[in-house]
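K.L.:
Line by line, the protein sequences give chains G and W.
For the first sequence, my numbering assigns the number 1 to the initial residue and increments by one for each residue that follows.
For the second sequence, my numbering assigns the number 516 to the initial residue and increments by one for each residue that follows.
Don't be surprised by glycine CBs; every beta carbon is placed ideally from N, CA and C.
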Amino acid sequence: MSLSPTAAFPRLPRHLAVTSAAAFVSLLSLIPLGFIGWIAFDSGWETVTSLVFRPRVGELVVNTVVLVGLALPIAIVLSVALAWLTERTALPLRRTWSWLLVAPLAVPAFVQSYAWNTVAPGLHGLAGAVLVSILAYFPFLYLPVAAQLRRLDPALEETAASLGKSPSAIFFGVILPQLRLAICGGALLVGLHLLAEYGLYVLMRYDTFATAIVDQFQSVFNGPAANLLGGVLVLLCFALLGLESFLRGDARYARVGGGAARGVTRRTLGRWALPAQVLVAAVVLLSVGVPLFTLGRWLLLGGAGIWQLDSILPALGQTAFLSLAGAALAIVAALPAAWLSVRAPGRVARLVEASHYYVGALPGVIVALALVTITVRVALPLYQTLATLLIAYLLMFLPRAMVGLRASIAQAPVELERAAQSLGKPPLIAVWHTTIRLAAPGAFAAAALVALGIANELTGTLMLAPNGVRTLATRFWAHTAELDFSAAAPYALLLVLLSLPLVLLLRLEADRVTQ
Amino acid sequence: MSLLELRSVAKRYRDHLAVGDVNLSVAATSRTAIVGPSGSGKTTLLRIIAGFETPDAGAVLLDGQDITHTPAHRRGIGYVAQEGALFPHLTITDNIGFGLGRADPTRRARITELMDLVGLPATLRDRRPHELSGGQQQRVALARAMARKPRLMLLDEPFSALDAGLRETIREMVGEALRASGIASILVTHDRAEALGFADHLAVMRDGALVQAGTPEALYREPADALTARFLGDALIIDADMEDGRAMSIFGPIETNATGANGRATIMLRTEQIAVTALDKAQNTNGPTGRVLSQSFHGARCRLVVEAMWRSDESGDNKSLTVETSSLAAPKVGAVVRLDIIGTAHVLTRQDD
Chain G
1 MSLSPTAAFP RLPRHLAVTS AAAFVSLLSL IPLGFIGWIA FDSGWETVTS
51 LVFRPRVGEL VVNTVVLVGL ALPIAIVLSV ALAWLTERTA LPLRRTWSWL
101 LVAPLAVPAF VQSYAWNTVA PGLHGLAGAV LVSILAYFPF LYLPVAAQLR
151 RLDPALEETA ASLGKSPSAI FFGVILPQLR LAICGGALLV GLHLLAEYGL
201 YVLMRYDTFA TAIVDQFQSV FNGPAANLLG GVLVLLCFAL LGLESFLRGD
251 ARYARVGGGA ARGVTRRTLG RWALPAQVLV AAVVLLSVGV PLFTLGRWLL
301 LGGAGIWQLD SILPALGQTA FLSLAGAALA IVAALPAAWL SVRAPGRVAR
351 LVEASHYYVG ALPGVIVALA LVTITVRVAL PLYQTLATLL IAYLLMFLPR
401 AMVGLRASIA QAPVELERAA QSLGKPPLIA VWHTTIRLAA PGAFAAAALV
451 ALGIANELTG TLMLAPNGVR TLATRFWAHT AELDFSAAAP YALLLVLLSL
501 PLVLLLRLEA DRVTQ
Chain W
516 MSLLELRSVA KRYRDHLAVG DVNLSVAATS RTAIVGPSGS GKTTLLRIIA
566 GFETPDAGAV LLDGQDITHT PAHRRGIGYV AQEGALFPHL TITDNIGFGL
616 GRADPTRRAR ITELMDLVGL PATLRDRRPH ELSGGQQQRV ALARAMARKP
666 RLMLLDEPFS ALDAGLRETI REMVGEALRA SGIASILVTH DRAEALGFAD
716 HLAVMRDGAL VQAGTPEALY REPADALTAR FLGDALIIDA DMEDGRAMSI
766 FGPIETNATG ANGRATIMLR TEQIAVTALD KAQNTNGPTG RVLSQSFHGA
816 RCRLVVEAMW RSDESGDNKS LTVETSSLAA PKVGAVVRLD IIGTAHVLTR
866 QDD
């Protein structure tokens, strides 16, 4: 007969292996924060106060807060409205629309910005930054909200109706509160992206912390000014995390009770059909139509001359390789912490999670800066290698992997793990055969999100790429910086095309999970 | 006048007829159970009454008013879903008070009263649904549905997710709470024991049609056909020749409820209508006898499979039958028993000569 490991070693803390793995990954992800702390300490209090408490920093704080404070609420309202229209109403062409509403994910934010620069050269500053931010990032909210809407048990809404609640009361009293988790998760992701985004705001001529840090870095390589600005940005990010955690509360993920959920009845829109159709069409037109139109125009203007295959093909291959390798790495690294945060939520899990999130909010340049300094001072052989670049990607995109994994693990009932253990499987094997298997589709979606992010990553790659590594994004940026918009167009097109299959995957995944 | 009336209600999903031409009336304060195998259309019928589905044909009348096209939230009909469908984001108090106005001055008192009525301890007030057991969740679901004092309550298999012991307790509690409040109810279930135990009016559905409706006892004793007979309980169904209202069966002549009938017929006997008595080897009897093939103990009752020992070559069917007896001094396996018929048999079908 065989003893279960828990019986054999009763004194071991629960989930020791998983906790250690999660702790290791979070230690790794703490490197950039440790780096900034160390720089602050190393620079001395006087340098810190003189670099942080100055009008310029105040201005950047206001700029960043105003940007996030405007873009996030608009994006939330827009995404919930769009998700409700495509999931719960008899909107004509709703399936097509729901595909097109995810499509902006294939357009990198800086390409979106480049398109708007061409179409509306007068649009810049706060208005331009808010508009393009929303258009580039709202699908990160739309996708989870739509998925959650599909998942909701219609019995809840029916019961509310039997209790005399009107459709609008049901929406605000029953549906909306249950979208809270999806909204919080999506809004956090969008907010973190806004804090980290660089290319978009450079082209929109709107100063945020991210652009200021890169400016500093470019003028004074490895200076304390950029590092300390990064420190303030980390604080902003913590504020966002705290807000999300507060709003999310301890709400339960799984629905009460089991059983198969019944299909929903879709609401007919009546006289609202036309305005609804116009809203959805306008969003698609602005977020997908404008970039495609601009790209098409530059490609036509450029003709055959802009297709220099000897530099385009290597960039394509390298981008694909980095994306896939980075995605695989991120998923493996996020798995222990994601599992812990669902199965054994507590202070440790929160800590681990938070340490992952904050790196995601750091602009690529901060992670890059930290890795540059550390490799130069401590591990010189790793300086400017693929390994360092992949670690940077891992640190930057862990949150994406975490969010997706956590949500999909939360969908798998813990009872299955217990059942597998009672059938004689050791704990880790039991988790592998039940939760991991069930969460696999979600993990795949999370991997796609990570790969998408890496393919579009710009600043970190610019700084960390070993000699000879030139991705589509860095090539595109080089041409854009020289205002050669036409030569940049093939790279933009390839970035979009490369991201398309991932968008398809994501969307199909969302369909599959909820059927 | 009846509280609820369904007139020729029909509902079709693409090529599948879910409910076809159903007529049903429900009296005020009555308790109706709609029973049938899964896929028989009983849940669809309930959803039509609740207003979650609109029938393709026919009308739904509440208090004589046509509510066929009234949206669910204006019907004032209570509804308890299969799994309770508690709002996971609300506390127990807020779940129960969901249908009451926030500013309602009687709200608090009403919630306390309802929790009391369904047997929920006040300590659960601020809990969340997932912190409650399945039985408690259903109690909350019932209290919530009763809050607005509906005159009709729809129960969609609300006990099926509960374990057997609890099921009966909750069922009795629900029946008692509804009776005390004078609320008529319609229970949908596939469990015959549940239906028989709950209802004073039973409706059997099969393939989208209402096969038979009446009191539980009438349906149990005199089912319309063999399928209904078997669905509602263990039955012995045999062919027999009728002679002036008596069935000439393998048991000898049995009185039936078809007075004066003649010809071939199919008759039904409930298991409890057959009494077994152990015989000594030496004893002789003219009546039908059998040998006990197997015995299973069920506490108070004992279930026997008896092989008939008469005219065994003739028809080939019903050579063995299941009977129940008191478990006190039940005949052992191998024992020879005498079989006596109690009461009259019910004639299911008849071909007159």
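#1: If we call anything under 8 angstroms between Cβ atoms a contact, is G:L241 one with G:A354?
#2: Given that a residue counts as buried once 16 or more other Cβ atoms are within 10 Å of its Cβ, and exposed if not, what is G:F172?
#3: Quick check: the Cα distance between W:H604 and G:G69, rounded to an integer number of angstroms?
#4: Please state the DSSP three-state secondary structure of W:E520.
#5: Taking Cβ-Cβ distances shorter than 7 angstroms, what residues in chain G pair up with W:I592?
#6: Extract the residue ranges of the beta strand (DSSP E) inside the segment 300-325 of chain G, only unbroken runs of 3 or more that lie entirely within it.
#7: With DSSP as the reference, label W:G612 as helix, strand or coil.
#8: Rounded to whole angstroms, what's the CA-CA distance from G:V264 to W:K557? Just pull it up for me.
#9: Can you name the residues that DSSP bridges to W:I753?
#10: With DSSP as the reference, label G:I183 as helix, strand or coil.
#11: Return the first residue and the last residue of the beta strand (DSSP E) that W:V575 is part of.
#12: For the segment 167-190 of chain G, list every residue whose C-beta sits within 7 angstroms of some C-beta in chain W, in sequence order.
#13: Between W:A548 and W:V534, how many whole angstroms is the CB-CB distance? I'm expecting something under 8 angstroms.
#14: Can you tell me the Cα-Cα spacing of W:A662 and W:R589, whole angstroms?
#15: Determine the contact status of W:A790 and W:D855, defining contact as a CB-CB distance below 8 angstroms.
#16: Following the continuous alpha helix (DSSP H) through G:N117, name the residue where it begins and the one where it ends.
#17: Using a beta-carbon distance below 8 angstroms, is G:E158 in contact with chain W?
#18: To the nearest angstrom, how far is it from the Cα of G:G270 to the Cα of W:T585?
#19: Quick one, which of G:A115, G:V62, G:L335 has its alpha-carbon nearest G:G199's?
#20: What first and last residue would you give for the alpha helix (DSSP H) that runs through G:P399?
#21: Using a Cβ-Cβ cut-off of less than 8 angstroms, give me the residues of the segment 134-156 of chain G that come near chain W, in sequence order.
#22: Would you mind listing the beta strand (DSSP E) stretches within the segment 586-641 of chain W that are 3+ residues and don't spill past its ends, in chain order?
#23: Between W:F674 and chain G, is the shortest Cβ-Cβ distance under 8 angstroms, so that the two count as touching?
#24: I'd like the ranges of any beta strand (DSSP E) spanning at least 3 consecutive residues and lying wholly in the segment 187-232 of chain G.
#25: Flag W:I856 as yes if its beta-carbon sits less than 8 angstroms from any beta-carbon of chain G, otherwise no.
#26: Suppose you measure from the CA of W:E628 to the CA of G:V102; what does that come to, to the nearest Å?
#27: Along the segment 598-626 of chain W, what residues have a CB closer than 7 angstroms to any CB found in chain G?
#28: Return the CA-CA distance between W:A600 and G:G289, expressed in angstroms with no decimal places.
#29: Kindly indicate which three-state DSSP category W:M824 falls into: helix, strand or coil?
#30: Could you name the residues of the segment 556-568 of chain W whose beta carbon sits closer than 9 angstroms to any beta carbon of chain G, in the order they occur along the chain?
#31: Would you mind stating whether G:G460 and G:A392 have Cβ atoms separated by less than 8 angstroms?
#32: According to DSSP, is G:V62 part of a helix, a strand, or is it coil?
#33: One question on the structure: do W:L808 and W:S835 come within less than 8 angstroms of each other, judged by their Cβ atoms?
#34: Using DSSP with H/G/I as helix, E/B as strand and the rest coil, what is W:A533?
#35: Does the count of Cβ pairs from the segment 704-712 of chain W and the segment 550-565 of chain W closer than 8 angstroms reach three?
#36: Tell me whether the beta-carbon of G:L156 lies closer than 8 angstroms to the beta-carbon of G:V132.
P.N.:
On the basis of the coordinates in this document:
#1: Here residue 241 of chain G refers to the residue found at position 241 when the first sequence is read from its first residue. Here residue 354 of chain G refers to the residue found at position 354 when the first sequence is read from its first residue. Closer than 8 angstroms, so yes.
#2: On the first sequence, residue 172 of chain G is found 172 positions in, with the first residue counted as 1. So G:F172 counts as exposed.
#3: As a first step, residue 604 of chain W must be located in the second sequence, where it is residue number 89. As a first step, residue 69 of chain G must be located in the first sequence, where it is residue number 69. Each residue's alpha carbon lies about 26 angstroms from the other.
#4: The residue you call residue 520 of chain W lines up with position 5 of the second sequence. The answer is strand: DSSP assigns W:E520 an E or B state.
#5: Taking the second sequence and counting its residues from 1, one reaches residue 592 of chain W at position 77. Residues of chain G passing the Cβ test: S162.
#6: none
#7: As a first step, residue 612 of chain W is located in the second sequence; it is residue number 97 there, counting from the start. Correct three-state label for W:G612: helix.
#8: In the first sequence, counting from the first residue as 1, residue 264 of chain G sits at position 264. In the second sequence, counting from the first residue as 1, residue 557 of chain W sits at position 42. If I take the Cα positions, the gap works out to 19 angstroms.
#9: As a first step, residue 753 of chain W is located in the second sequence; it is residue number 238 there, counting from the start. Beta-bridge pairing links W:I753 to W:I782.
#10: For this step, residue 183 of chain G is matched to residue 183 along the first sequence. It is helical.
#11: Numbered from 1 along the second sequence, position 60 holds the residue referred to as residue 575 of chain W. Unbroken beta strand (DSSP E) run through W:V575: 572-577.
#12: V174, P177, Q178
#13: In the second sequence, counting from the first residue as 1, residue 548 of chain W sits at position 33. In the second sequence, counting from the first residue as 1, residue 534 of chain W sits at position 19. In fact, because the Cβ distance is near 17 angstroms, the residues do not count as touching under 8 angstroms.
#14: Here residue 662 of chain W corresponds to residue number 147 of the second sequence, with the count starting at 1. Here residue 589 of chain W corresponds to residue number 74 of the second sequence, with the count starting at 1. The straight-line gap from Cα to Cα measures roughly 15 angstroms.
#15: Counting from 1 along the second sequence, the entry for residue 790 of chain W is found at position 275. Counting from 1 along the second sequence, the entry for residue 855 of chain W is found at position 340. Cβ atoms of W:A790 and W:D855: closer than 8 angstroms.
#16: Here residue 117 of chain G is taken as the residue at index 117 of the first sequence, counted from 1. Note, G:N117: alpha helix (DSSP H), 109-119.
#17: The residue labelled residue 158 of chain G in the question sits at position 158 within the first sequence. Cβ-Cβ to chain W under 8 angstroms: yes for G:E158.
#18: Walking along the first sequence from the start, residue 270 of chain G turns up at place 270. Walking along the second sequence from the start, residue 585 of chain W turns up at place 70. Taking the straight line from one Cα to the other gives about 17 angstroms.
#19: The residue you call residue 199 of chain G lines up with position 199 of the first sequence. When only C-alpha atoms are compared, the closest one is G:A115.
#20: For the purposes of this step, residue 399 of chain G is identified with residue 399 of the first sequence, where counting begins at 1. Here the alpha helix (DSSP H) through G:P399 covers 386-410.
#21: D153, A155, L156
#22: 593-595
#23: One-based indexing of the second sequence puts residue 674 of chain W at position 159. Answer no: the Cβ-Cβ gap between W:F674 and chain G never drops below 8 angstroms.
#24: none
#25: Along the second sequence, read from residue 1 onward, the residue named residue 856 of chain W stands at position 341. By this cut-off, W:I856 is not an interface position.
#26: Reading the second sequence from its first residue, position 113 is the one you call residue 628 of chain W. Reading the first sequence from its first residue, position 102 is the one you call residue 102 of chain G. Looking at the two C-alpha atoms, the distance is approximately 50 angstroms.
#27: E598, G599, A600, L601, F602, P603, H604, F613, G614
#28: Within the second sequence, the letter at position 85 stands for residue 600 of chain W. Within the first sequence, the letter at position 289 stands for residue 289 of chain G. W:A600 and G:G289: Cα-Cα distance of roughly 42 angstroms.
#29: Along the second sequence, read from residue 1 onward, the residue named residue 824 of chain W stands at position 309. Note: W:M824 maps to coil in three-state DSSP.
#30: R562, A565, G566, F567, E568
#31: Translated into positions along the first sequence, residue 460 of chain G becomes position 460. Translated into positions along the first sequence, residue 392 of chain G becomes position 392. Closer than 8 angstroms, so yes.
#32: For the purposes of this step, residue 62 of chain G is taken as the residue at position 62 of the first sequence. Three-state DSSP puts G:V62 in a helix.
#33: Within the second sequence, the letter at position 293 stands for residue 808 of chain W. Within the second sequence, the letter at position 320 stands for residue 835 of chain W. It is a contact, given that the beta carbons lie within the stated cut-off.
#34: Residue numbering aside, residue 533 of chain W sits at position 18 when the second sequence is read from its first letter. Looking at W:A533 - three-state DSSP - the assignment turns out to be strand.
#35: yes
#36: On the first sequence, position 156 is the one that residue 156 of chain G refers to. On the first sequence, position 132 is the one that residue 132 of chain G refers to. Not in contact: G:L156 and G:V132 (Cβ atoms no closer than 8 angstroms).
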